[in-house]
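As numbered in the working numbering, residues 1 to 567 make up the sequence shown, in order.
Reading through the structure tokens given below for one structure.
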Amino acid sequence: MNTKLQFRVLYRQFLFRLMDVELLSASAQGDASSLLGQFGALLIAGSVLLTWVAAIIGGQMQRNPSAALAWHAERFIVSLTMLVVGVFVVLSWDSTFLDRRDVLVLAPLPVRGRTLFVAKIAAAASALCLVVTALHSLSGFAWPMALAPSGSGLAGTMRFVAAFWVTLFAASAFLYCAVLGVQAVTAHLPRRWYLRVSSVLQIAALILFLGVMCLQPSLNTAAALGAPENQRTLAWLPSYWFLGLLSELSGAFPAEGHAVMAPLARRALTSLAIAIFVDGGAFLLSYFRTLRKIVEEPDIAPGSRGGIWLPRFGTSPETALAQFVIRTLLRSRQHRVILAFYLGGGFAIVAVYLGGAMQAMHLTGTDIMHRVNGPMLVSSVLILCASVLGTRTVLSLPLDLRANWLFRVAPAPGGASRLSAVRRALLALSLLPVLAASTALSLWFWPWTPALEHLLVLGLLGSLLVDLSLKGFRKIPFTCSYLPGKSKVHLLFWFGIIPLVVAIHQAVELEQRAMSSPPIYWAMVVTLGAVAFAARWVTDTSANRSGPEIQFEESPSDELIGLRLNG
């Protein structure tokens with residue numbers, strides 16, 4: 001087999017294995033292409049939304065041309081692109097290096113290590129380009145036309161479009177190479193320590209990306225960008241560097257902006273060159289060294305002595321099942337990263353709400369944090385929803401399908417007993433941490449009476465959400481295959497998140513009015529408790545009707561499998 005053919009085969013395999021395909025259902029519909037198509041549909045839907053926002057900003061720019069508004073919009077697009085790329089890098093962290101199976105299968109074959117490396121890098125670069133292209137498939141042309149100064153003409157607009165795309169790809173390459181550099185440094189650790197440190201770095205990187213996106217200061221004027229007291233802050237914000245690069249490449253900036261944008265553009269180019277050559281070189285050196293360590297050293301990191309003490313969750317089978325769910329989530333770094341993604345999204349929205357509250361408090365001179373206020377109530381409910389949704393999602397993702405034979409042959413609890421154990425584990429993992437954090441913050445800022453009233457409502461709401469999420473759940477968590485096309489997450493995200501935020505606003509306003517009147521408050525509590533009890537009764541009844549059978553395949557496999565030898 002020649003080198004070109006080897007490269008094409010390896011490139012295709014690595015591209016479609018950026019996620020673990022062994023987690024998918026055995027059905028023909030549950031392949032990696034379905035998951036990639038679903039992810040692409042999510043990005044394209046985001047591009048449509050960004051195009052609509054660009055039309056609104058373009059109308060404002062026509063009525064009142066403002067360099068500050070244009071810079072703010074450009075920085076937002078650059079920051080959003082870097083955030084999406086950062087999430088992609090974190091979720092594909094484990095596919096950066098070859099896994100043990102790849103090394104054991106490919107090492108005896110006449111395949112050069114250089115071919116493996118080039119195919120792996122080409123697959124990662126192609127995926128990165130597809131992410132950026134899908135995210136800006138429409139908005140990549142709408143935003144430059146909306147932000148181009150009036151009178152730019154066709155040539156000026158086309159230059160703005162080219163500068164826009166060059167900047168976005170440059171910012172994405174910088175971030176991706178920076179993460180590769182971090183992985184290259186940690187790859188020199190022993191294999192077991194690398195696996196343990198990687199989980200911490202994944203969560204830390206996700207928190208860093210979300211924090212920079214939501215909490216970075218707004219310096220959108222020439223005076224603010226050129227102020228000496230802001231230079232140290234700008235040195236740590238790459239989004240402003242590539243904002244300067246975009247302004248310099250497009251030439252669409254006021255004369256006074258060149259003095260502040262030129263240094264930022266030079267910093268962007270310098271950082272990009274360092275990231276590509278230094279971090280890329282470090283990754284190249286660590287890549288071939290890691291191939292030997294993958295075979296020589298075990299992938300299983302030793303556990304801590306003594307383990308984690310957990311209470312009983314009912315009968316012995318229920319306790320065993322609930323403790324299995326909790327311990328598996330605490331030990332699986334892949335599932336922890338996915339859960340951190342949901343929690344990070346919730347914390348990002350919370351940061352926006354609390355940031356607006358702090359800004360309003362600063363402008364009005366009133367202390368709204370030490371009394372019951374909407375932003376804190378909305379924040380606690382949003383974090384609760386993100387915690388329940390994220391935990392419920394990771395429970396559906398298997399850890400190791402080849403190990404579920406133990407539950408297939410063992411007398412695992414079924415029906416309502418199994419569902420009760422899963423419910424208690426889900427409550428312990430999603431509701432109790434939120435209640436503990438909300439208790440500490442509420443009692444710190446508010447009087448104890450409204451704090452306890454809100455905690456009671458939050459607990460009932462959490463119980464209701466848990467029971468609704470388990471409707472029709474006939475699985476043992478982490479043991480059933482996953483079918484990506486069934487969840488329709490790209491539709492749920494855009495058509496479910498926005499109505500959810502609106503519904504939370506309405507519910508918080510109702511709660512605030514009820515807290516001022518004890519009869520109304522207790523009527524609301526009784527109604528919410530009745531709804532939660534009804535949801536639990538319906539869920540348990542459905543579990544009893546489904547019988548003791550446990551689901552291990554999201555979609556049943558065909559009895560006859562076609563080999564498709566006819567092409």
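For each residue, glycine too, the CB sits at the ideal point set by N, CA and C.
If you're wondering where the values come from, they're calculated on a predicted model, not measured in any experiment.
Buried versus exposed call for residue i [16 or more other C-beta atoms within 10 Å across all chains shown]
{"i": "Gln506", "result": "exposed"}
{"i": "Gly251", "result": "exposed"}
{"i": "Leu330", "result": "exposed"}
{"i": "Pro447", "result": "exposed"}
{"i": "Leu264", "result": "buried"}
{"i": "Gly181", "result": "buried"}
{"i": "Gly30", "result": "Residue placement at Gly30 is flagged as unreliable, the pLDDT there being 44, under the threshold of 50; the coordinate-derived value follows with that caveat. By the 10 Å Cβ count, Gly30 comes out buried."}
{"i": "Val90", "result": "buried"}
{"i": "Thr541", "result": "exposed"}
{"i": "Gln62", "result": "exposed"}
{"i": "Leu104", "result": "exposed"}
{"i": "Asp400", "result": "exposed"}
{"i": "Ser442", "result": "buried"}
{"i": "Ala437", "result": "exposed"}
{"i": "Leu5", "result": "exposed"}
{"i": "Pro477", "result": "buried"}
{"i": "Asn64", "result": "exposed"}
{"i": "Asn2", "result": "exposed"}
{"i": "Ala410", "result": "exposed"}
{"i": "Arg536", "result": "buried"}
Selected residue, minimal CA-CA separation from residue i, among the options
{"i": "Ser568", "options": "Val434, Val90, Ile338, Ser47", "result": "This structure cannot settle anything about residue 568, because the visible part of the chain is limited to 1 through 567."}
{"i": "Ser516", "options": "Ala503, Ala273, Ala187, His454", "result": "His454"}
{"i": "Arg191", "options": "Leu98, Ile274, Cys177", "result": "Leu98"}
{"i": "Phe16", "options": "Leu399, Phe164, Ala119, Val538", "result": "Ala119"}
{"i": "Val538", "options": "Leu500, Arg114, Ala514, Val466", "result": "Val466"}
{"i": "Ser420", "options": "Ser442, Gly344, Val103, Ala320", "result": "Ala320"}
{"i": "Tyr342", "options": "Leu456, Arg392, Leu175, Ala54", "result": "Arg392"}
{"i": "Ile44", "options": "Ala428, Trp405, Pro398, Leu130", "result": "Leu130"}
{"i": "Thr570", "options": "His188, Pro499, Leu458", "result": "Outside the displayed range of the chain (1 to 567) lies residue 570, so it cannot be described from this structure."}
{"i": "Gly345", "options": "Phe313, Val372, Trp309, Val388", "result": "Val388"}
{"i": "Phe117", "options": "Leu458, Phe7, Leu80, Leu377", "result": "Phe7"}
{"i": "Arg196", "options": "Gly529, Val87, Asp94", "result": "Asp94"}
{"i": "Arg402", "options": "Lys4, Thr479, Pro108", "result": "Thr479"}
{"i": "Leu382", "options": "Val508, Phe407, Phe277, Leu452", "result": "Val508"}
{"i": "Gln595", "options": "Arg536, Val78, Leu500, Val53", "result": "Outside the shown range of the chain (1 to 567) lies residue 595, about which nothing can therefore be said."}
{"i": "Val278", "options": "Phe174, Val9, Thr81", "result": "Phe174"}
In DSSP terms, what residue i is bridged to
{"i": "Gln13", "result": "Looking at the DSSP assignment, Gln13 forms no beta bridge with any residue, so it has no partner."}
{"i": "Lys475", "result": "Gln551"}
Chain-order list of residues whose beta-carbon lies under 6 angstroms from that of residue i (same chain, five-residue window excluded)
{"i": "Asn544", "result": "Gly415, Ala416"}
{"i": "Val394", "result": "His335, Ile338, Leu339"}
{"i": "Ala532", "result": "Leu460, Ser463, Leu464"}
{"i": "Lys475", "result": "Gln551"}
{"i": "Leu431", "result": "Gly462"}
{"i": "Thr96", "result": "Gln183"}
{"i": "Arg267", "result": "Trp241"}
{"i": "Ala282", "result": "Gly181, Ala184"}
{"i": "Val179", "result": "Val89"}
Residue i - containing alpha helix (DSSP H), residue span
{"i": "Phe174", "result": "153-186"}
{"i": "Ala451", "result": "448-469"}
{"i": "His136", "result": "Note, His136: premise wrong, no alpha helix (DSSP H); not H, not E."}
{"i": "Gly374", "result": "374-395"}
{"i": "Trp444", "result": "432-445"}
{"i": "Pro263", "result": "258-274"}
{"i": "Ala425", "result": "415-426"}
{"i": "Pro238", "result": "238-250"}
{"i": "Gln323", "result": "316-331"}
{"i": "Leu112", "result": "In the sequence as displayed, the identity of residue 112 is Arg instead of Leu. No alpha helix (DSSP H) contains Arg112, which DSSP labels as neither H nor E."}
{"i": "Thr81", "result": "67-91"}
{"i": "Phe97", "result": "Run containing Phe97: none; DSSP gives neither H nor E here."}
{"i": "Ala235", "result": "Segment: none, Ala235 is in no alpha helix (DSSP H) and carries neither H nor E."}
{"i": "Val278", "result": "Run containing Val278: none; DSSP gives neither H nor E here."}
{"i": "Gln202", "result": "191-215"}
{"i": "Phe407", "result": "405-409"}
{"i": "Leu225", "result": "222-226"}
Own chain partners of residue i with C-beta closer than 8 angstroms, once the 5 adjacent residues on each side are dropped
{"i": "Ile203", "result": "Arg336, Val337, Ala340"}
{"i": "Ile520", "result": "Arg513, Ala514"}
{"i": "Ser199", "result": "Arg333, Arg336, Val337"}
{"i": "Leu285", "result": "Ala184"}
Neighbourhood of residue i by C-beta distance below 7 angstroms, restricted to the same chain and skipping five residues each side
{"i": "Ala148", "result": "Gly156, Thr157, Phe160, Ala252"}
{"i": "Ile326", "result": "Leu310, Ala425, Ala428, Leu429"}
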